[in-house]
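All letters in the sequence shown, in the order written, are residues 320 to 995 by this note's numbering.
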Amino acid sequence: MIIASILFYLSLSLFVSISVYGRFNFLKFIQLFFLITFGLNILICLVLDLFKAVDNAPLFLVLQIVICILLSLVVRRHWPLQIKDYRYRLGISFSEFHWFDLVLIVLMGTVLSAFFVVGVTTPPNNLDSLDPTGITRIFYWMQEATLDFGSPTGLASIFDPQFFHMQGIWLFSLGKSEYLFFLVQWFSLLVSTVTIFKISRSLGFSITNSLISALVSLSLPVVLLQTYSFQGDLTVAVLILVCISFVIDWLKSKDKFELFFVGLAFVFALGTKKAAFLAIPVFALLILFWIISRIRNKRIIPWVTGSAALIIIAGFILVGQLIIKQGGVLAGVQLIYDRQVSTENISEKFRYTTPRFLYQFIGLDGLPRVVQNTLIPIKADLFQNTLIPSTLDLQKEVFLQPGFDEVEKFSYSAPLILSEEGAWFGPIGFLLIPIAVILTFFSRQKTRRIYAGFALILFLSFFIMVIIQRPGWDPYQGRYFILPVLPLIPLISMILPTNKVYRTVIIIVILPICLFLSLNSFFANNSRPVVTAGSIWGFQYQHILNLPENNKYELYVKNKLITSTDQIASAALDRPTIYQSTYWEQVYFSGFRMLGNIQFIDSLVPDDATLYLDFPSTSLDYGLFGKKKDRTLFRLYDISQVSSGYYLTASTSVVTQQNDLNLLGDNGVYKIYLIN
320 MIIASILFYL
330 SLSLFVSISV
340 YGRFNFLKFI
350 QLFFLITFGL
360 NILICLVLDL
370 FKAVDNAPLF
380 LVLQIVICIL
390 LSLVVRRHWP
400 LQIKDYRYRL
410 GISFSEFHWF
420 DLVLIVLMGT
430 VLSAFFVVGV
440 TTPPNNLDSL
450 DPTGITRIFY
460 WMQEATLDFG
470 SPTGLASIFD
480 PQFFHMQGIW
490 LFSLGKSEYL
500 FFLVQWFSLL
510 VSTVTIFKIS
520 RSLGFSITNS
530 LISALVSLSL
540 PVVLLQTYSF
550 QGDLTVAVLI
560 LVCISFVIDW
570 LKSKDKFELF
580 FVGLAFVFAL
590 GTKKAAFLAI
600 PVFALLILFW
610 IISRIRNKRI
620 IPWVTGSAAL
630 IIIAGFILVG
640 QLIIKQGGVL
650 AGVQLIYDRQ
660 VSTENISEKF
670 RYTTPRFLYQ
680 FIGLDGLPRV
690 VQNTLIPIKA
700 DLFQNTLIPS
710 TLDLQKEVFL
720 QPGFDEVEKF
730 SYSAPLILSE
740 EGAWFGPIGF
750 LLIPIAVILT
760 FFSRQKTRRI
770 YAGFALILFL
780 SFFIMVIIQR
790 PGWDPYQGRY
800 FILPVLPLIP
810 LISMILPTNK
820 VYRTVIIIVI
830 LPICLFLSLN
840 SFFANNSRPV
850 VTAGSIWGFQ
860 YQHILNLPEN
870 NKYELYVKNK
880 LITSTDQIAS
890 AALDRPTIYQ
900 STYWEQVYFS
910 GFRMLGNIQF
920 IDSLVPDDAT
930 LYLDFPSTSL
940 DYGLFGKKKD
950 RTLFRLYDIS
960 QVSSGYYLTA
970 STSVVTQQND
980 LNLLGDNGVY
990 KIYLIN
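In structure tokens:
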């Protein structure tokens, strides 16, 4: 059913694209497919929720078909075309692309395909994605046939993002496979690549320059690895990016239909993740700037601008003070998650947190671990002795996350974790983006300067609000900054000059580095590694040790290869690859403590069983649904509430022995009973 559903969405998107925009535009088509699929899935889920039929896959598909047909009729009525017009508009031309452009497209397609293959052949295994606020929430929704599980009540429900999870309902309900969940973020990665290219072209850059910008976006480790998570950080960032893209299109064409998609993308972003709310002030300023620019009487513009600025600043200060005084809560909604924040310590919080984030932005992520081991001490020494005052001890245990452990303390020498949570933007991010922004401000084209100003303000305001809102620093916040960083990527086209010689030299330098970072992030990440120390040792044993030694040259090359592979293998991840692991080892690849527990429980509880629990929800719940995700889970307070079924409780719990109660096993953490 999922294939049929995708085909209907593709058909509708194609029909809308050629009807509204004329000749087929692949970039626009991908964006429309993204928004139409996203939006209709939300609409259908909300309708099914009214009838408590969220788990009804056939009804989902029927509703989708009906809505697609109705929308097609509406589009057909407003944009009536003849058959020959449709045929003409479906024409695709690659005449503008040179051979090198096609090479770049193939390289990007290779990176995207590599992550697609691993994503579709391995189960979700990010612990944050598996907890009851992530994928597990979808299984509870499907079990109860309603969206009530985990949803807050009152005003707070407005700020509860569910749109991203609804895409998971579509995939699992119609596809019947947990392996499809990755498609939401993977397709977001594709849309991100397409939209960065499109924005760069809209700013007047050449096809080649724009493709290089898109390729750079695929070399940022934190962006790539979001494909393996279900946290929504990449998706919300891409929705904001698509929104910006449609704003640019509207400013050029003045087509009101573009504004419709602007609003659609922004609303979807707000309903996907709360991070989108941090972009509201900048978009509000953009709207205000546009309104002021439309005033014909130029004499009153300074007065209007000054008055608006005073009102905004005063409102920001008053509301900010009110929120801070109430512990970050406004009207029952948690807006700031740092309950200790106050007007007295906010400057001190910035003093510690800002340089910590800057240290992480100067990233080595994506480089081989053997190279990182050499560069981290150099980076730490440079940062401590040159960029940070000697009186500021960033390693002091202040302004950290509540309940932090040793790994979550700030340390200059901390090893980098190449995962969807631990990764940042890597060397390309901190080297190219600042240079590109600076160069753009000196561009002769006003449009580029305005865009650079908007993107920079978005980044700075987002950066400031993250520091205020978050309880403190931790090493896992790189993914939050994907939203303000992606709009800066199209400006990288500015780095490539019009002079062919200089341009060729820069491309020769950038291209291999980007590809290397992309491939190393793919092969050697901590989440779903394809190559580990064992793989490298095996390659050395099978191929390098068998090389001939007939002369001094061959002996020299062989010894160098042995030494190099020894160094790389010693620094590589010392564990099996994702494909050498069993199913449960794959799911809890980064959760060793849960792995033993789920293996113990799964061996005693059969598939399709009803399991009663008396402890809080955790990432373990994902595994408790079973390999086939066909178990039913219920939470209760006491064993007396169970009439029959399997009862899972902590080993420390005291359970009154009954005649119909059989202890199946106890591993020291959990014990399982069968109640007849």
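Note that beta-carbon positions come from the ideal geometry of N, C-alpha and C, so glycine has one too.
By the CB criterion at 8 Å, A891 and F934 fall outside the cutoff.
Membership of F723 in any beta strand (DSSP E) is not indicated, and neither H nor E is assigned to it by DSSP. For L570, the uninterrupted alpha helix (DSSP H) run begins and ends at D552 to S572, by DSSP. Runs of the alpha helix (DSSP H) lying entirely within the segment 815 to 886 and spanning at least 4 residues, in chain order: 819 to 842 and 852 to 858.
In the DSSP assignment, G772 falls within the unbroken alpha helix (DSSP H) covering K765 to Q788. Taking all protein chains shown into account, I388 has fewer than 16 neighbouring C-beta atoms within 10 Å of its C-beta and is therefore exposed. Contact between the segment 751 to 763 and the segment 701 to 713 is not established, with fewer than three Cβ pairs separated by less than 8 Å. Under the three-state reduction of DSSP output, G453 falls in the coil class, being neither helix nor strand.
R406 sits exposed, since fewer than 16 C-beta atoms from the chains shown fall within 10 Å of its C-beta. Shown here, W903 sits in a helix according to DSSP, grouped into three states. DSSP lists no beta-bridge partner residue for K371. Burial check for G410: the Cβ neighbour count within 10 Å stays below 16, so the residue is exposed. The distance from the Cβ of V510 to that of V557 is about 5 Å, consistent with a contact at the 8 Å cut-off. According to DSSP, D404 shares a beta bridge with no other residue. Around the C-beta of I814, 16 or more other C-beta atoms lie within 10 Å, and the residue is accordingly described as buried. Judged by DSSP in its simplified three-state form, G428 adopts helix. Residue range K575 to T591 is occupied by the alpha helix (DSSP H) that includes L589, with no beta strand (DSSP E) assigned at that position. By the Cβ criterion, the segment 331 to 338 is in contact with the segment 347 to 354, since at least three pairs of Cβ atoms, one from each stretch, lie closer than 8 Å. The three-state reading of DSSP puts N986 in coil, since its state is none of H, G, I, E or B.
Counting C-beta atoms within 10 angstroms of its own C-beta, W418 has fewer than 16 neighbours from the protein chains shown and is therefore classed as exposed. The residue among S538, F483 and Y992 with its C-alpha nearest the C-alpha of T975 is Y992.
Rounded to whole angstroms, the gap between the alpha carbons of T554 and F483 is 8 Å. By the Cβ test, the segment 872 to 882 is not in contact with the segment 912 to 929, since fewer than three Cβ pairs between them sit closer than 8 Å. One alpha carbon belongs to Y907, the other to K948, and they sit about 16 Å apart. The secondary-structure analysis by DSSP pairs N978 with nothing; it has no beta-bridge partner.
Within 10 angstroms of the beta-carbon of D684 lie 16 or more other beta-carbons, which makes it buried. Here DSSP, grouped into helix, strand and coil, assigns T514 to helix. Within a 10 Å sphere around the beta-carbon of Q861 sit fewer than 16 other beta-carbons, which makes this residue exposed. Using a Cβ distance threshold of 8 Å, I863 and I881 count as a contacting pair. Per DSSP, the unbroken alpha helix (DSSP H) holding R688 starts and ends at R688 to L701. By the Cβ test, the segment 449 to 469 is not in contact with the segment 512 to 531, since fewer than three Cβ pairs between them sit closer than 8 Å. Contact between the segment 801 to 821 and the segment 390 to 408 is absent, with fewer than three C-beta pairs closer than 8 Å. Within the DSSP secondary-structure output, I994 pairs in a beta bridge with G964 and L980. Comparing alpha-carbon positions, the option among N445, V785, V689 and I787 lying closest to L939 turns out to be N445. Under DSSP, R954 shares a beta bridge with L932. When the Cα atoms are used, D467 and L930 turn out to be separated by approximately 20 Å.
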